[in-house]
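Counting from 698, one number per residue, gives the positions in the sequence shown under the numbering used here.
Glycine included, every Cβ here is placed at the ideal spot set by N, Cα and C.
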Amino acid sequence: MEGDRHRALFHQLQTALLIGLSLLAVASPVYAQEAFNAPENLELSAPPQDLLGSWVRPEGLAASIQILVALTVLTLLPAIILMTTSFVRVLVVLAILRQAIGTQQLPPSQVITALAFFVTVAVMTPVWHETYREAIRPYTERKITLEQAWEKGASPIRRFMSLQIERAGNAEDVWLFLRYVNPNTSPSTYDEVPLQALIPAFMLSELKTAFLIGFQIYVPFLIIDMVTAAVLLSLGMFMVPPAILSLPFKLALFVLLDGWHLVVGMLLESFAPFA
């Protein structure tokens with residue numbers, strides 16, 4: 698019984714194999730005939746247009762340059778925002794504050810960056826409103842050209858940077874960059890200073906101001922560290938790090954004085970009012 702069953706299964710497999718080979722043999726001449734009857738003369742497709750030539754023509758080149766400039770501006774937009782706003786000063790001061798307290802990574806960098814961003818928005822809102830009112834909205838309504846929109850939009854930002862440089866007394870930074878950017882000119886007002894000299898001068902001024910504010914913040918915490926170290930030395934506790942014992946006192950002092958309110962308020966008041 699077992700042998701008869703195996704022989705029957707073997708015969709079924711042979712039958713299925715023969716049927717498959719027969720179908721393949723019948724189909725092969727059909728495909729061969731279709732391939733034989735295919736047209737012998739194959740036409741090549743038309744050559745591609747001269748794309749490079751269209752790009753380098755005057756009209757195509759102007760459009761290509763505009764696209765390149767637009768993509769470059771979009772790529773550098775975060776850096777431009779950093780360079781022309783109060784973000785640098787606020788972020789540096791908050792980073793120095795965290796270092797002075799000695800909490801290492803607390804608050805996290807994301808929290809400090811977010812706080813610096815919202816403080817920047819509070820400071821820059823009047824500037825951005827004027828830029829939108831004088832440049833962006835007229836341009837979207839097709840009342841002015843792109844060049845006019847650029848001049849009108851850069852004017853409030855230029856005035857903001859000029860006010861901060863003058864308030865900090867860092868006008869020498871403008872002359873430092875102006876000697877290399879355009880040494881043959883002697884501007885009498887900030888409106889005549891090119892942006893490629895005014896923007897880096899503004900960044901240097903912001904860094905100087907941020908370090909001065911950071912020094913004022915750092916001194917009280919440094920005094921607490923020195924007093925704690927002196928007490929430990931007087932008690933003979935040479936192996937105990939002073940930073941471990943001084944951290945609770947610094948946190949308590951900072952919270953009791955409402956330190957975050959004082960620091961953010963000092964930052965907001967450190968900027969010259971935009972009018």
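- For proline 823, the enclosing alpha helix (DSSP H) covers residues 806-828.
- The beta carbons of leucine 788 and threonine 810 sit closer together than 8 Å.
- Per DSSP, reduced to three states, the secondary structure at serine 931 is helical.
- Take the alpha-carbon of leucine 774 and the one of histidine 958: they are about 30 Å apart.
- Valine 818 counts as exposed, since fewer than 16 other C-beta atoms from the protein chains shown sit within 10 angstroms of its C-beta.
- Secondary structure note for glutamine 861: its alpha helix (DSSP H) is the uninterrupted segment 843-865.
- Under a 10 Å Cβ-count criterion, asparagine 881 is classified as exposed, with fewer than 16 other Cβ atoms of the shown protein chains found around its own Cβ.
- By the C-beta density criterion, glutamine 861 is buried, having at least 16 other C-beta atoms within 10 angstroms.
- For the pair isoleucine 841 and glutamine 802, the Cα-to-Cα distance works out to about 49 Å.
- Linking tryptophan 847 to alanine 832 through their CA atoms gives a straight-line distance of about 7 Å.
- A contact between stretches requires three or more CB pairs, one per stretch, nearer than 8 Å, and the region 884-894 fails this requirement with the region 919-930.
- Boundaries of the alpha helix (DSSP H) harbouring valine 871: 868-878, taken from the DSSP string.
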